[in-house]
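If you use the numbering used here, the sequence shown closes out at 147, no skipped numbers anywhere. Structure, as structure tokens:
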Amino acid sequence: MIMANLRCVAPWMVCSIAIFLAGSGCETLPEWDSETMPATHQAEKRINRAEEYRTRFQTKRDPKALNWILKNRLYSGMSRNSVEKEIGEEGEFQEASKWLKATGGTFRTSDEAYRWGPDESGRSVYLIFRDDVLVNFDPKDFDLE
3 MIMANLRCVA PWMVCSIAIF LAGSGCETLP EWDSETMPAT HQAEKRINRA
53 EEYRTRFQTK RDPKALNWIL KNRLYSGMSR NSVEKEIGEE GEFQEASKWL
103 KATGGTFRTS DEAYRWGPDE SGRSVYLIFR DDVLVNFDPK DFDLE
């Protein structure tokens, strides 16, 4: 009789113990994917840094913050929407941008120019978009330090 009761209880005990062990002490387990953790941490750090510079540009119109964003967060091929998110504000469409397109680069007459700024020093940045995609942009142009 005791053996019959043990056979019924044993599977439930094993399941209960397994569930208890699986749900407890997770914080003491080693990192499962320790190779990707530093990359994830670095990505979070870059995002936090970008947010810091974005806020500095928005609140103080800091030219160094805008340069950092242009140099580190933008690249040719980005959508205008993505550029606006990175800078933290919408660009102002430049109706009369013929003068800008004539300054060099391989621009088309149908390309559209948008302006960001001015920063606290009075400088504005003009970026050119073709079909709402950033073109002829080189982040090295903003390596001004």
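All C-beta atoms, glycine included, are put in the ideal place defined by N, C-alpha and C.
Problem - Stretch-stretch touch, CB-based, cutoff 8 Å, three pairs: the region 108–115 with the region 51–67 - result: no
Handout entry: For E46 and Y116, the rounded distance between their alpha carbons
Key = 29 Å
Exercise for the section: May I ask you to report which of helix, strand or coil DSSP gives Y55? Expected result: helix
Problem - Limits of the unbroken beta strand (DSSP E) element including L136 - result: 135–137
Exercise for the section: Quick one: grab the DSSP three-state call for A67. Expected result: helix
Practice task
Determine the DSSP secondary structure at A98, reduced to helix, strand or coil.
Solution key: coil
Practice task
Return the CA-CA distance between T105 and I130, expressed in angstroms with no decimal places.
Solution key: 12 Å
Problem - Buried/exposed call for F95, threshold 16 Cβ in 10 Å - result: exposed
Practice task
Could you tell me if I89 is buried or exposed, where buried requires 16 or more neighbouring beta carbons within 10 angstroms of its beta carbon?
Solution key: buried
Exercise for the section: Let me know the secondary structure DSSP gives E86 once reduced to three states. Expected result: helix
Practice task
Assign W101 to one of two classes, buried (16 or more other C-beta atoms within 10 Å of its C-beta) or exposed (fewer than that).
Solution key: exposed
Practice task
Please list, in chain order, all residues of the same chain as T30 whose beta carbon is under 6 Å from its beta carbon, the five residues on each side excluded.
Solution key: For T30, the predicted model reports a pLDDT of 46, less than 50, meaning its position is unreliable; a value from the coordinates is still stated below. Contacts found: none.
Handout entry: The beta strand (DSSP E) enclosing E114, as first and last residue numbers
Key = 114–118
Problem - Coil, strand or helix - R125 by DSSP - result: coil
Handout entry: R51 versus A98 - alpha carbon distance
Key = 35 Å
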